[in-house]
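Q:
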Amino acid sequence: MSTTKKQRAQFATKFGVIATTVGSAVGLGNIWRFPYEAGTHGGGAFMLCYIAFVILLGIPVILSEFVLGRRTHANFFGCFRKLRASRGWYALSYMGIIASLMIASFYAVVAGWTIKYTQLAVTGQLTAGGDGINYSESFAQFTQGTWQPVIYTLLFILINHLVVSRGVQKGIERVSNVLMPLLFVILITLCINSLFLPKAGEGLRFLFQPDFSKLTSKVVIGALGQAFFSLSIGLGCMLTYASYFNGETRLVRTAGITAGLDTLVAILAGVIIFPAVFTFGYSPVAGPTLVFEVLPAVFAQLPGGAAWSSLFFFMLFVASLTSIISMSEINVTFFAEELHISRRKSTWLSSGIILIFGTLCALSFSGLSNIGEFSFFNFFNDFSSNVLLPLGGIGVSVFAGWVLDKNILRNQLTNNGTAKAPVRIIRTAIRYIAPAGIAVVFASSLGLI
Ligand code: PHE
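Mapping to this note's numbering: the sequence shown position 88 is 93, numbers consecutive.
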C-alpha cells in the first residue's frame, strides 16, 4: 500500500489488490471448514447449494461491498456516515464488528491447531505411526486437554497482535504472495494422490453426486453460511479492503477472481479429504475435527510425508494469518476511528476481547467452558456464519441496490464508464436476487417457510 494525498493507504499494484482480497478469502474456511461442513451435510447436495450460492448470492454481495468501500474510502461505519445514511443502517456495522470478533475467537483456536500440527510435522512425529494409526484419538487427546489448546490459541492471537499492531501486514502479504501459490501446488499434488487411493470413487461420489433427499433447510443454510464465511462477506471485510482500492481496480473482475479461486481451493480440499475419509475408515460426519484427523493419514502414506506435511501445515498457518488480519482490520480500524484511540490501543482492545472468547472456545472441546449443552466454539461458529453474515449480506445488498444512487453504482462498476461491466444484470442481482435469495434461505432455516 502506498499513501495518497488523502492520507489514506491504497494498494500499490493490481497484483496487490488480488493477493490481499484472495488472502482474506482463502483460509481455514476452505481447507478446514468446507470439508467438514460438506461431510456433515451429506456431501453432493451441500456442494451444489454452496456453488449456486457463491455465484447467485455471494458475488452480488461482494460487489455491493466493493462499490460501497471504494466509493467512500471508509470503514463500515464511516461509509454510512459519508453517504448520509439514516441511523438505522449503522446497526449493520455493529453487527459486522460483533461477527468479526466472534469469528476471530474460534478461528484462533483452529489456527492454533495448525501451529501444533506444523510443530508435530517438522519433528516427524505426525507421520511416524503410518497410515494405520487412529489419528482421531491423538487429536482428541490434544484438543481435550486443558492447557495445550489454550496455549496454542494464545500463541496465534499473540502473533496476530504483533503483526497488526506493528502494521507489518505488508511483510506478511509479501510472504503470503510467495507461499500461497505454493500452497496451491501442494493442494494439487495431494489431490492427485487422493485420486489414486483405493476408495477414491466412493469419496468423489459422496462429494459430487447430489442426493436430493438429503436437501433439508439445515443443509441449505449451512451452505449459505459456508459461502459467506469463505468469501469473507456480510461483515464489512471486503468493504474495508475495497476502501483501499484505487480508481483503476476493476471491481467485477476482482470479485470474479476472488470467488473463483476461493471456490476452487475449497473443492480441491474436498477432493483431497473424501477419498481419504473412505479409504482410511474415518467418518465424514466427524465435524470440526475431521480434517485434522484425516490429513495425517494422507501424509503418512505419502513418500516424504514428513516434509509435505510440514510445508502444508505451515502454509495453512500463513493462510489463516492473512484471513485473521482481515478480520482484525474491521474491528481495529473501528475502535481506532470511532472511539478516537490510537491504533496501538485499539489493537490491544481487539486482542483482549479475542483472548477472552478465544480461550472459552479453546476449552469447548474438553467441555470445561461448556454451559450444559452450550459450546462457545459451536455457537460462535454457527451463529456468525448462519445468522450474522447472511443478515449482513441482506443489509449490504439492500443498501447498495435500493438506497445508493444508481449512478454511483454504475460508475463504480464501470470505473466511470472506462471499463465494461454487465451493469443491468448486476444491479438486478444486487436489488432482487441476493436479498430475496438470502431471506428465503434464512426464513426456511428458522422454519418460517
Ligand atoms: N474467509 C476466511 C476463510 O475462509 C475467513 C474470514 C471470514 C475472513 C470473515 C474474514 C472475514 O478462512
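Note that the Cβ used here is the ideal one computed from N, Cα and C, for glycine as well.
1. For Asn-35, is the beta carbon positioned less than 7 Å from some heavy atom of the ligand PHE?
2. Where does Thr-132 land, buried or exposed, given buried means 16+ other C-beta within 10 angstroms?
3. Got a sec: does the ligand PHE put a non-hydrogen atom nearer than 7 Å to the Cβ of Met-107?
4. Thr-423: buried (16+ other C-beta within 10 angstroms of its C-beta) or exposed?
5. Check whether the Cβ atoms of Ser-105 and Asn-336 lie closer than 8 Å to each other.
6. If you follow the alpha helix (DSSP H) that His-166 is in, where does it begin and where does it stop?
7. For the alpha helix (DSSP H) containing Ala-260, list its first residue and its last residue.
8. With distance defined between alpha-carbon atoms, name the residue in Phe-20, Thr-25, Gly-21 nearest to Met-243.
9. For Val-276 versus Ser-199, is the C-beta distance shorter than 8 Å?
10. Tell me which same chain residues have a C-beta within less than 8 Å of the C-beta of Glu-342, skipping the five on either side of it?
11. Looking only at DSSP bridge pairs, what is Phe-2 linked to?
12. Checking 8 Å against the spacing of the C-beta atoms, do Ile-435 and Trp-313 come in under that value?
13. Looking at the ligand PHE, does it come within less than 7 Å of Val-323, judged from the CB to the closest heavy atom?
14. I'd like to confirm something about Phe-304: is its beta-carbon nearer than 7 Å to some heavy atom of the ligand PHE, or not?
15. Looking at the structure shown, is Ala-205 part of a helix, part of a strand, or coil, going by DSSP?
16. Around the Cβ of Tyr-41, are there at least 16 other Cβ atoms within 10 angstroms (buried) or fewer (exposed)?
17. Would you decide whether His-78 is buried or exposed? Buried here means 16 or more other CB atoms lie within 10 Å of its CB.
18. Using 7 Å as the cut-off, classify the Cβ of Val-282 as near or not near the heavy atoms of the ligand PHE, replying yes or no.
19. Can you find the residues in the same chain that come closer than 8 Å, C-beta to C-beta, to Met-6, ignoring five residues on each side of it along the sequence?
20. For Ala-247 versus Gly-101, is the C-beta spacing smaller than 8 Å?
21. Is DSSP giving Lys-11 helix, strand or coil here?
22. Go through its chain and collect everything with a Cβ distance to Ala-90's Cβ below 6 Å, but skip five positions before and after it.
23. Helix, strand or coil for Ala-424? Go by DSSP, reduced to three states.
24. When we look at the beta-carbon of Thr-123 and count the other beta-carbons within 10 Å, is it buried (16 or more) or exposed?
25. By Cβ distance below 6 Å, which residues in the same chain neighbour Phe-415 in space, the five residues on each side in sequence not counted?
26. Are the beta-carbon atoms belonging to Thr-119 and Leu-321 less than 8 Å from one another?
27. Among Arg-38, Phe-39, Ile-67, which has the Cα closest to the Cα of Pro-395?
28. Out of Ser-315, Leu-368, Thr-327, which one is the CA nearest neighbour of Phe-381?
29. Nearest CA to the CA of Phe-317: which residue from Leu-61, Val-27, Gly-32?
30. Check whether the segment 169 to 188 touches the segment 127 to 143, taking contact to mean three or more Cβ pairs, one atom from each stretch, closer than 8 Å.
31. Whole-angstrom Cβ separation of Pro-289 and Phe-211, contact assumed at under 8 Å?
32. Rounded to the nearest angstrom, how far is the Cβ of Gly-442 from that of Leu-61, given a contact under 8 Å?
A: Judging by the given coordinates:
1. True, at least one ligand heavy atom lies under 7 Å from that Cβ.
2. The Cβ neighbour count for Thr-132, taken over all protein chains shown within 10 Å, is at least 16; the residue is labelled buried.
3. Relative to the ligand PHE, the beta carbon of Met-107 is positioned no closer than 7 Å to any heavy atom.
4. It counts as exposed.
5. Less than 8 Å separates the beta-carbon of Ser-105 from that of Asn-336.
6. Start and end: 153 to 170.
7. Where Ala-260 is concerned, the enclosing alpha helix (DSSP H) stretches over 256 to 284.
8. Closest in alpha carbon position to Met-243, among Phe-20, Thr-25, Gly-21, is Thr-25.
9. The answer is yes: Cβ separation under 8 Å.
10. For Glu-342, where only same-chain residues beyond five positions count, the Cβ hits under 8 Å are Asn-80, Phe-82, Gly-83.
11. Absent from the model: residue 2. The displayed extent of the chain is 6 to 454, so no value can be given.
12. Annotated as distal: Ile-435 and Trp-313, with beta-carbon spacing of 8 Å or more.
13. No, Cβ of Val-323 sits at least 7 Å from all heavy atoms of the ligand PHE.
14. Incorrect: Phe-304 has no Cβ contact closer than 7 Å to the ligand PHE.
15. It is helical.
16. The residue in question, Tyr-41, is buried, as its Cβ has 16 or more Cβ neighbours within 10 Å.
17. Classification for His-78: buried.
18. Remark: the C-beta of Val-282 is outside contact range of the ligand PHE, defined as less than 7 Å to any heavy atom.
19. Per-residue confidence for Met-6 stands at a pLDDT of 46, beneath the threshold of 50, marking its modelled position as unreliable; no derived number is given.
20. Going by C-beta atoms, Ala-247 is not nearer than 8 Å to Gly-101.
21. Its pLDDT being 46, under 50, Lys-11 is placed unreliably by the model, and the measurement read from it follows with that caveat. In the three-state DSSP reduction, Lys-11 falls in the coil class, being neither helix nor strand.
22. Closer than 6 Å at Cβ, skipping near neighbours: no residue.
23. DSSP places Ala-424 outside both helix and strand once states are collapsed to three, so it counts as coil.
24. So Thr-123 counts as buried.
25. The question names Phe, but residue 415 in the sequence shown is Arg. So the qualifying residues of the chain are Val-428.
26. The beta carbons of Thr-119 and Leu-321 sit closer together than 8 Å.
27. Here the closest residue by C-alpha is Ile-67.
28. The shortest C-alpha separation from Phe-381 is found at Leu-368.
29. Nearest C-alpha to Phe-317: Gly-32.
30. Contact between the segment 169 to 188 and the segment 127 to 143 is absent, because fewer than three Cβ pairs lie under 8 Å.
31. About 7 Å separates the two Cβ atoms, so the contact holds.
32. Their Cβ separation, rounded to whole angstroms, is 6 Å, which keeps Gly-442 and Leu-61 in contact under 8 Å.
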